[in-house]
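Asker: Residue numbers (my numbering): 75 to 790.
Note that CB positions come from ideal geometry on N, CA and C, so glycine has one too.
(1) Answer yes or no: do residue 338 and residue 463 have a C-beta to C-beta separation smaller than 9 Å?
(2) How should residue 416 be labelled, buried or exposed, when 16 other C-beta atoms within 10 angstroms of its C-beta is the threshold for buried?
(3) Can you tell me where the alpha helix (DSSP H) with residue 488 in it begins and where it stops?
(4) Can you confirm whether the segment 639-656 touches the segment 665-672 when touching is taken to mean that 3 or more C-beta pairs between the two stretches lie within less than 8 Å?
(5) Taking one C-beta from the segment 300-308 and one from the segment 323-333 each time, how about it: are there three or more such pairs within less than 8 Å?
(6) Could you compute how far the alpha carbon of residue 441 sits from the alpha carbon of residue 275?
(7) By DSSP, does residue 507 sit in helix, in strand, or in coil?
(8) Quick check: what's the CA-CA separation for residue 363 versus residue 394?
(9) Cutting at 6 Å between CB atoms, please list the residues of its own chain near residue 430, excluding the five before and the five after it.
(10) If residue 671 sits next to residue 680, beta carbons under 8 Å apart, how far is it from one beta carbon to the other, in whole angstroms?
(11) Where does residue 660 fall in DSSP's three states?
(12) Between the beta-carbon of residue 260 and the beta-carbon of residue 218, is there less than 9 Å?
(13) Looking at residue 610: is its Cβ nearer than 9 Å to the Cβ of residue 710?
(14) Just to confirm my understanding: we take residue 642, look at its own chain, exclude 5 residues before and 5 after, and list those with CB closer than 6 Å. What are they?
(15) Per DSSP, which one or two residues make a beta bridge with residue 368?
(16) From this set, 249, 354, 205, which residue's C-alpha is nearest residue 164's C-alpha?
(17) Provide the residue span of the alpha helix (DSSP H) that contains residue 164, from first to last.
(18) Once DSSP output is grouped into helix, strand and coil, what is the label at residue 684?
(19) Using only the alpha-carbon positions, how far apart do residue 639 and residue 663 sit?
(20) Going by CA-CA distance only, name the one from 674, 635, 673 that's closest to residue 655.
(21) Return the bridge partner residues of residue 405 from the DSSP annotation.
(22) Out of curiosity, what's the CA-to-CA distance linking residue 187 and residue 404?
(23) Which residues in the same chain have their Cβ closer than 8 Å to the Cβ of residue 170, if we skip the five residues on either side of it in sequence?
(24) From residue 202 to residue 752, what distance separates their C-alpha atoms?
(25) Would you call residue 607 buried or exposed, if buried means 16 or more other Cβ atoms sit within 10 Å of its Cβ?
(26) By Cβ distance below 6 Å, which residues in the same chain neighbour residue 289 in space, the five residues on each side in sequence not counted?
(27) Straight-line CA distance for residue 575 to residue 748?
(28) With which residues is residue 155 paired in a DSSP beta bridge?
(29) Who are the Cβ neighbours of residue 518 in its own chain at under 7 Å, not counting the five residues just before and after it?
(30) Residues in its own chain within less than 6 Å of residue 486 by CB, not counting five upstream and five downstream?
(31) Return the CA-CA distance between residue 538 and residue 561, expressed in angstroms with no decimal places.
(32) Where residue 627 and residue 316 are concerned, what is the direct C-alpha to C-alpha distance, given to the nearest angstrom?
(33) When the distance is taken between beta carbons, is residue 377 closer than 9 Å to residue 457?
(34) Give, in chain order, every unbroken run of the alpha helix (DSSP H) that is at least 4 residues long and sits entirely within the segment 606-661.
(35) Among 443, 536, 236, whose alpha-carbon lies nearest the alpha-carbon of residue 270?
(36) Return the CA-CA distance between residue 375 and residue 323, expressed in angstroms with no decimal places.
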């Protein structure tokens with residue numbers, strides 16, 4: 075909590091340089107004098123005197139507050155301490171509040187998404203970050219005339235404290251119920267809450283409305299975004315044109331995919347006449363196109379309206395090349411011809427289509443924004459499901475997609491092994507930090523075949539920074555890597571044939587017994603999910619606890635999800651696959667991450683993440699059972715594994731996994747003539763003999779495993 079007098083926020087003054095201390099001291103004298111003269115006769119004036127006495131300590135206290143506050147803001151200090159990573163939002167809040175007045179709204183909601191409800195957004199859509207300074211991928215802000223509040227989950231609490239100034243309050247319950255309860259307490263009954271309908275999914279809007287309407291608080295749709303109106307220097311639309319995928323990574327042409335979706339439209343008993351595709355990956359998948367509008371994600375701004383005999387593609391038409399127009403059959407008018415329409419005209423054209431007789435539009439409520447959905451009236455004009463038929467069809471990879479995605483993971487493993495080997499050598503020298511490590515793994519991936527850059531901003535985190543589940547280093551925050559700390563690296567690559575995401579946690583010195591136990595229990599959770607056998611059609615949420623059970627047994631846990639889908643040169647977080655309650659049941663051919671973790675605040679963090687594909691399981695009696703095949707192929711840190719905690723089944727799985735790494739990655743390392751990396755891989759995948767006190771291997775085993783590789787390379 076920070077000290078407030080009326081509606082004045084003492085944290086608004088953010089300058090902390092030494093030359094400003096005298097002016098702050100004078101200001102403190104003035105404020106205290108005014109406060110005392112006004113309230114000295116009140117019975118509760120004692121606290122004012124106490125605060126003023128502290129303030130009047132002057133420069134000495136200011137220096138102390140700055141020195142002890144660390145990297146997080148301290149709004150209760152006098153003067154408040156702000157780290158260099160915090161953003162001054164005073165003028166931005168002033169301008170936004172001024173724009174709210176003529177609209178007669180008492181609050182304005184700002185989510186961290188775009189008009190396609192994307193998780194990763196373009197810089198021009200980062201409205202929450204611009205308004206608050208907070209750059210996390212999950213959060214919601216609410217601004218009233220006297221308060222600014224951010225809601226985010228446990229992954230981002232510390233990041234928010236580092237990035238926001240003292241104009242902002244942080245709420246740690248990120249649920250919509252928490253936001254609406256706060257609004258009900260803060261604004262009077264009958265007042266309006268403004269929101270941009272393009273940034274609310276149908277489902278999210280329904281939850282807000284259900285919570286606010288009975289309390290007499292009214293949601294007001296404002297399609298012209300208020301942040302955009304005050305955002306000076308807003309980034310422009312990226313200049314790159316969409317591109318088509320080459321034939322060698324495609325099994326289904328776009329007309330074949332159109333047929334698949336039309337078949338589902340036709341078979342639907344509620345008889346829709348068209349499906350509206352709003353998520354960016356829906357249109358990209360349907361037409362086998364990729365773009366560069368979203369950082370780390372090969373998407374382009376688009377919507378699609380697909381009926382049984384027409385196709386409308388809403389894009390920035392000036393970016394569609396003549397080659398793409400030929401590819402999309404834009405010069406004809408039969409059922410496999412794409413009609414190009416301007417991106418901004420989607421609302422107008424949707425209204426036009428709805429005026430036709432006997433039409434019904436199928437929408438997936440998870441990724442259709444309220445701005446489009448509110449046009450589809452009356453009710454018999456729409457059909458809703460949580461996900462569109464494109465998202466559920468895309469979730470199951472065809473044979474070509476499975477093959478090339480596995481191949482991409484083999485090459486990706488080479489890059490990650492190069493990073494880990496390099497760190498083993500460099501960290502003891504004391505020359506590297508979190509940022510140089512992140513840059514190094516990006517460089518390693520860039521040298522691999524079909525590389526198209528990273529799939530997200532690398533999480534390279536040492537010591538206490540690793541306790542932040544989604545921390546990414548910067549020049550200001552990068553911590554020097556040390557043999558005395560655990561190090562977590564969560565990274566991924568985009569390749570023309572696949573998308574990767576892998577996390578490894580290592581220690582180059584002497585880990586504590588607790589660190590080894592925590593790491594081993596996280597590994598046990600990863601293995602338990604990976605080796606489980608389950609009926610086809612099982613939901614991930616029903617097996618998610620397998621990833622937590624070993625931690626729960628000793629009273630530990632983690633605050634993030636256990637896994638998510640992943641695409642083929644697509645999004646690194648691909649819905650609707652995963653282990654959450656709103657994910658679809660597992661079928662053969664789905665790719666998901668498996669990533670349990672443990673985080674001890676201000677000390678260390680552990681996450682072990684692999685990508686796995688669902689494959690048929692061999693069982694004694696059942697015929698339709700599945701299991702997971704791990705396609706990430708990088709060994710774990712054996713120094714951190716306490717094998718005495720592993721069951722025989724878990725140890726067997728681990729040794730089989732290491733055999734797979736050798737058989738799959740070994741030939742690729744040989745093909746690339748990476749002898750040192752090959753030796754490193756052989757050493758770190760040596761089999762564990764039996765469950766014992768630590769993950770040691772005999773010198774004979776090391777000799778047997780490393781010597782053949784030395785002899786082999788001497789023969790090359």
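Answerer: So, to answer that:
(1) yes
(2) exposed
(3) 473-500
(4) yes
(5) no
(6) 6 Å
(7) strand
(8) 11 Å
(9) none
(10) 6 Å
(11) In the three-state reduction of the DSSP assignment, residue 660 falls in the coil class, being assigned neither a helical nor a strand state.
(12) yes
(13) no
(14) 475, 479, 572
(15) Paired residues: 371.
(16) Nearest C-alpha to residue 164 among 249, 354, 205: 205.
(17) Residue 164 -> alpha helix (DSSP H) spans 164-174.
(18) strand
(19) 11 Å
(20) Selected option, being the one with the closest Cα: 635.
(21) DSSP lists no partner for residue 405.
(22) Distance from the CA of residue 187 to the CA of residue 404, rounded to the nearest whole angstrom, comes to 31 Å.
(23) Only 182, 205, 217, 300, 301, 304 meet the Cβ criterion.
(24) 46 Å
(25) exposed
(26) 258
(27) Whole-angstrom Cα-Cα distance: 23 Å.
(28) Partner(s): 148.
(29) 489, 492, 493
(30) 567, 574
(31) 9 Å
(32) 50 Å
(33) no
(34) 623-626
(35) 443
(36) 23 Å
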